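Student:
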Amino acid sequence: MIPSKVTAHPAAATGGPAGRAADMALVERCRNGDLAAFEELYRAHAGKLFSVACRMLGNPSDAEDLLQEVFLSAHRKLETFRGESALGTWLYRLAMNQCLDFLRSRTARTNQVTGTLDDEPGLSDTASRGLAERTVARMDLERALVQLPEGCRAAFVLHDVEGFEHREVAEALGIAEGTSKSQVHKARLRLRAILSAAKS
Amino acid sequence: MMVECTRYRTSIQELVDGTLGPIRRAELDLHLDQCDGCRALASDLQAIHDAAASLEPLEPPGAVWMQIAGRLRQEGRVSAPSIVRATPRHRAVLLALAAALVLAIGASILLLLPEFRATREQAGQATTGEGNATDDVTVQSVEAEFRLAEQHYQNAINKLEQAAKLDQAAAGGGIDPQTAAVLQKNLQVIDQAIAESRAALRSEPQSAPARDSLFDALKRKVTLLQDTIALMNEMRKGNPAGGAQLVEGLNKS
Ligand SMILES: [Zn+2]
């Protein structure tokens, strides 16, 4: 039951005029209080949003809570959906905002005791020795992901994990395309440093 | 690492992005040929990108949607409730299906039970009333009836277990984990009672209390499984076609 990267891609699922028209028709039914329509919307997007939330938050139980909040607030905000972007992108933006809010409030809570890990000494991105092996184990990557600063983690998850283009990442995160590039690039360098430090 | 290496940092990233143009690609290749550091960097970043792209999608538990739907209904934000209340007609169809399901499985047992009880009582009177003049034929026929009844229960249980599984799959997770845990726990208790009664019957094949407790446990298991299916019907959004297929399959087998 694992969808391929291609079909999992929101642009492929909802892009184009036909996709937009279908989005609007579904949204209209949801606005009229049609729960079956909203379930359809949920089934189409929940898997992808849940994957992203798990990787952003680092654990499935927070991701479940967040997914619930995302869809409840999506239902409220459907009134304001005008179809300028694909429904998938709109939902991603909603989800990413909530992920970042969640992480910020969690950081605010934990910083009181632990301090920030963002600029840990000895974790220079460019002076890294590099990886000992030519492949990266998924488990190691999952563990390293949660150590990234949240901004570049978000861009990396959308671009490298979910397969969005920088233009789409920018749209989902409400940032410039150039910022998406620099954030993803920074994330890869940071991950390389984390992964090579972990191996030694 | 050479002084000029920083110039190639962006090119290496864009190579991994898949957006590096052919001219800058050629330029980068020339540098990579002679620079171990940049070659290692390019290969590491590519490995990280490839591992990220191979991470598998994760599936949210079915309970998440149930909670969302519950909240929306609670807050009055959906007018057409899902599940059974969809339309009166819909509700009637589902109830009829649930009834048919129970009938298909329960009928044979219900029909058989009174007959079995009567035979057993006759046999009981024969043994107590007439002392050792017990008619062996009667005992044997009770024995046969007993085996037959037990077999009917077991068949019903097998079918119900299968139906409950199918139903749960069709419901996309079906009942919430807590309810599932309670049902599972009850099933375990009943299964243990069945096992204990069977063990008692093995050491004392003619014991009426052992037989009674076995039947009682089997009956409770059938009821529990029927309740489980009825519950899942309630929880599930209306799916009359799938339900009809299920009932049809049960009637055939
Ligand atoms: Zn170099």
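Here the protein sequences come in this chain order: B and G.
Note that my numbering numbers the first sequence so that position 97 is 95, with each residue one more than the last.
Note that my numbering numbers the second sequence so that position 219 is 216, with each residue one more than the last.
No residue lacks a Cβ here, since even glycine has one placed at the ideal position from N, Cα and C.
The model shown is predicted, which means the values in this text are computed figures rather than measured ones.
Whole angstroms are fine: how far does the CA of Val219/G sit from the CA of Leu143/B?
Tutor: 49 Å
Student: Would Val68/B pass as a contact of Leu39/B if the rule is Cβ separation under 8 Å?
Tutor: no
Student: So the candidates are Gly15/G, Pro19/G, Ala39/G, Asp14/G; which of them puts its Cα closest to the Cα of Tyr5/G?
Tutor: Ala39/G
Student: Asp158/B versus chain G: which residues are under 7 Å apart at the beta carbon?
Tutor: Result: His46, Ala49, Ala50.
Student: When the distance is taken between beta carbons, is Ala35/B closer than 8 Å to Asn41/B?
Tutor: It should be pointed out that residue 41/B corresponds to Arg in this sequence rather than to Asn. Inclusion of Arg41/B and Ala35/B in the CB contact set at 8 Å is not warranted, their separation being larger than that value.
Student: Here's the rule I'm using: 16 or more other beta-carbon atoms within 10 Å means buried, otherwise exposed. How should Glu62/B be labelled?
Tutor: buried
Student: Can you confirm whether Val219/G, when its beta carbon is compared against all beta carbons of chain B, has any partner nearer than 8 Å?
Tutor: no
Student: Answer yes or no: the CB of Cys2/G versus the heavy atoms of ligand 1, is any distance below 7 Å?
Tutor: yes
Student: Applying the 10 Å Cβ sphere with the 16-neighbour rule, what's the burial state of Asp209/G?
Tutor: Exposed, since its Cβ has fewer than 16 Cβ neighbours within 10 Å.
Student: Mind listing which residues of the region 44 to 62 of chain B have their C-beta closer than 8 Å to chain G's C-betas, in chain order?
Tutor: Ala44, Gly45, Lys46, Phe48, Ser49, Cys52, Arg53, Pro58, Ala61, Glu62: these are the residues of the region 44 to 62 of chain B whose beta carbon lies less than 8 Å from some beta carbon of chain G, given in chain order.
Student: Taking Cβ to Cβ, would you say Asp158/B is nearer than 8 Å to His28/G?
Tutor: no
Student: By DSSP's criteria, Asp188/G is part of a beta bridge. Which residues make up the other side?
Tutor: Answer is none; Asp188/G lacks a bridge partner.
Student: Please classify Gly44/G as buried or exposed, where buried requires at least 16 neighbouring CB atoms within 10 angstroms.
Tutor: Before going on, a small fix: residue 44/G reads as Ala here, not Gly. Per the 10 Å Cβ criterion, buried.
Student: Say whether chain B places a C-beta atom closer than 8 Å to the C-beta of Asp30/G.
Tutor: False, the Cβ-Cβ gap to chain B never drops below 8 Å.
Student: Relative to ligand 1, is the shortest distance from any of its heavy atoms to the C-beta of Gly34/G smaller than 7 Å?
Tutor: yes
Student: Report yes or no: is there a C-beta of chain B within less than 8 Å of the C-beta of Ile65/G?
Tutor: yes
Student: Grab me the residues of Gln280/G's own chain with a C-beta within less than 6 Å of its C-beta, minus the 5 sequence neighbours each way, in chain order.
Tutor: The first residue shown for chain G is -2 and the last is 250, placing residue 280/G beyond what the model contains.
Student: Which residue wins for smallest C-alpha separation from Arg141/B, given the options Glu37/B, Arg29/B, Gly17/B, Arg53/B?
Tutor: Arg53/B
Student: Taking the alpha helix (DSSP H) that Phe69/B falls in, what are its first and last residues?
Tutor: Boundaries of the alpha helix (DSSP H) around Phe69/B: 58 to 75.
Student: For Leu277/B versus Ala84/B, is the C-beta distance shorter than 8 Å?
Tutor: The structure shown does not extend to residue 277/B, since chain B is modelled only from -1 through 198, so no value can be given for it.
Student: I'd like to know if the region 94 to 110 of chain B and the region 146 to 163 of chain B are in contact, where contact means that at least 3 CB-CB pairs between them fall below 8 Å.
Tutor: yes
Student: Output the boundary residues of the alpha helix (DSSP H) element that contains Phe154/B.
Tutor: 148 to 154
Student: Flag this pair as yes or no: are the beta carbons of Leu76/B and Val25/B separated by less than 8 Å?
Tutor: Annotated as proximal: Leu76/B and Val25/B, with beta-carbon spacing under 8 Å.
Student: Among Gly172/B, Gly81/B, Val155/B, which residue has its Cα nearest to the Cα of Ala50/G?
Tutor: Val155/B
Student: What I want to know is whether the C-beta of Tyr5/G ends up closer than 7 Å to one or more non-hydrogen atoms of ligand 1.
Tutor: Closer than 7 Å to some heavy atom of ligand 1: that describes the Cβ of Tyr5/G.
Student: Could you work out which residues of chain G lie near Arg186/B, taking near to mean beta carbons separated by less than 8 Å?
Tutor: Gln10, Val13, Leu42, Ile45, His46
Student: Is Gly81/B helix, strand or coil when you go by DSSP?
Tutor: coil
Student: What whole-angstrom Cβ distance do Gln10/G and His164/B have, given they're in contact under 8 Å?
Tutor: Approximately 11 Å separates the beta-carbon atoms of Gln10/G and His164/B; this is outside 8 Å, ruling out the contact.
Student: Please state whether DSSP places Arg132/B in a helix, a strand or coil.
Tutor: coil
Student: At 7 Å on the CB atoms, spell out the chain G contacts of Phe69/B, in chain order.
Tutor: Ile65
Student: Based on Cα-Cα distance, which residue from Ser8/G, Gln203/G, Ala207/G lies nearest to Arg36/G?
Tutor: Of Ser8/G, Gln203/G, Ala207/G, the residue nearest in Cα terms is Ser8/G.
Student: Alpha carbon to alpha carbon, how far is Gly15/G from Gly161/B? Give it in angstroms, no decimals.
Tutor: 11 Å
Student: Given this structure, state the Cα-to-Cα distance separating Gln181/G from Asp32/B, to the nearest angstrom.
Tutor: 34 Å
Student: Check whether the Cβ of His28/G lies closer than 7 Å to any heavy atom of ligand 1, and answer yes or no.
Tutor: Yes, Cβ of His28/G sits closer than 7 Å to a heavy atom of ligand 1.
Student: I need the DSSP call for Arg68/G, collapsed to helix, strand or coil.
Tutor: Helix, per DSSP.
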